[in-house]
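Numbering (the working numbering), first residue to last: -6 to 314.
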């Protein structure tokens, strides 16, 4: 697995809890379409003996094969024939999140790849990303890089760029925040940081490193885009109470579910108890069961040797392109 820390500095204080909920709901609705998008399966209060009162949500992110082909083509590749053969026309990624703001846990698993998972722990603090020991307890023995994300200066994929969501040009009418210039993190107050510890696992021989690196690149882009939107939408959520944002969340989730339609999973995984991943959520949060066996279509045949003409590895998009 590959573990990295991401530090996202924001031009807010810890009232961002409401902004976080608003941004996630609105973003999910905008990115959803018929047969593709985010279905909310569960969203209810959850009490934890260590972290106190929180919120448990479960979502299914439905994707179709065309999405994957578009992703590959944007990197100058076609979706390999082996992938077209095994990937169902519609599948989903399951997201489970335990929100004990200012601490959250999020886990992602795939409906047809039980050896794939993403585990994210998030902590929010009122500083500019200066707490380098924030995850020493959770990741004391893990080697990891730290990636600072600047919502104003970092480049985003061109297809996601909107001038109205660019912190360099946006200025809030309600708070006066905005027009973030180079060096803004050193001069703006109040300020806060979203610290994220992200572990990606894809334990399949010949594919592991490239896939894990590629997923980390995607995660970084999502974090950058989402936090830029939270900043640019501040006038929409700044005056909301927690009750109001929960009602907005409920109404938006209902509209999103109707927008995408309800599709049964193309491939499902048995609910039989299986060993958990190497790094699971804290004992207070349920961990997502993961199989220890590779999917059959990714297993090297045991009864016959591989053909000499077969490639030893499969080529995936270069994560740095």
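The beta-carbon is built from N, C-alpha and C at its ideal position, and this holds for glycine as well.
Measuring C-alpha to C-alpha distances from residue 11 to each of 249, 235, 251 identifies 235 as the nearest. Taking each of 197, 178, 38 in turn and checking the Cα distance to residue 5, the smallest one comes out for 178.
Partner residues in the beta bridge of residue 85, as assigned by DSSP, are 55. Residue 172 and residue 106 have their C-alpha atoms some 43 angstroms from each other. At the C-beta level, residue 23 and residue 34 stay beyond 8 angstroms of one another. Leaving aside the five residues that flank residue 101 on each side, the residues in its chain whose CB is nearer than 6 angstroms to its CB run, in chain order, 86, 88, 111. If you draw a straight line from the Cα of residue 183 to the Cα of residue 237, it is about 24 angstroms long. For residue 250, there is no enclosing beta strand (DSSP E); the enclosing alpha helix (DSSP H) has its first and last residue at 235 to 253. With a cutoff of 8 angstroms on beta-carbon distance, residue 21 and residue 249 are scored as near each other. In this chain, the beta strand (DSSP E) harbouring residue -3 covers -5 to 3. Inclusion of residue 217 and residue -2 in the CB contact set at 8 angstroms is not warranted, their separation being larger than that value. Residue 121 and residue 185 have their C-alpha atoms some 6 angstroms from each other. Cα atoms of residue 131 and residue 139: separation of roughly 15 angstroms, rounded to the nearest angstrom. Under the 10 Å beta carbon count, residue 168 is surrounded by fewer than 16 other beta carbons and is classified as exposed. In this model, residue 219 and residue 253 are separated by some 21 angstroms (Cα to Cα). Residues of the same chain with a CB within less than 7 angstroms of the CB of residue 45, apart from the 5 flanking positions on each side, are 93 in chain order. Here DSSP, grouped into helix, strand and coil, assigns residue 48 to strand.
Between the alpha carbons of residue 210 and residue 118 lies a distance of about 24 angstroms.
Nearest neighbour of residue 13 by Cα position, chosen from 157, 244, 239, turns out to be 239. Under DSSP, residue 228 forms no beta bridge with any residue.
In this structure, the straight-line span from the alpha carbon of residue 192 to that of residue 206 is close to 11 angstroms. Counting along the chain, the unbroken beta strand (DSSP E) around residue 187 starts and ends at 185 to 195. Between residue 16 and residue 166, the C-beta spacing is not below 8 angstroms. Closest in alpha carbon position to residue 30, among 175, 40, 38, 19, is 19.
Closest in alpha carbon position to residue 160, among 170, 145, 242, is 145. DSSP, reduced to helix, strand and coil, places residue 177 within a helical segment of the structure shown. If you draw a straight line from the Cα of residue 148 to the Cα of residue 243, it comes to about 33 angstroms.
DSSP places residue 30 within a strand segment (E or B) once states are collapsed to three. With fewer than 16 other Cβ atoms inside 10 Å of its own Cβ, residue 40 counts as exposed.
DSSP places residue 110 inside the beta strand (DSSP E), whose first and last residues are 109 to 118.
Residue 153 sits in a helix when the DSSP states are folded into three classes.
In this structure, the beta-carbon distance from residue 37 to residue 55 does not fall below 8 angstroms. Within the same chain, 167, 168 come within 7 angstroms of residue 231 by CB-CB distance, once the 5 residues on both sides are set aside. Between the alpha carbons of residue 25 and residue 143 lies a distance of about 26 angstroms.
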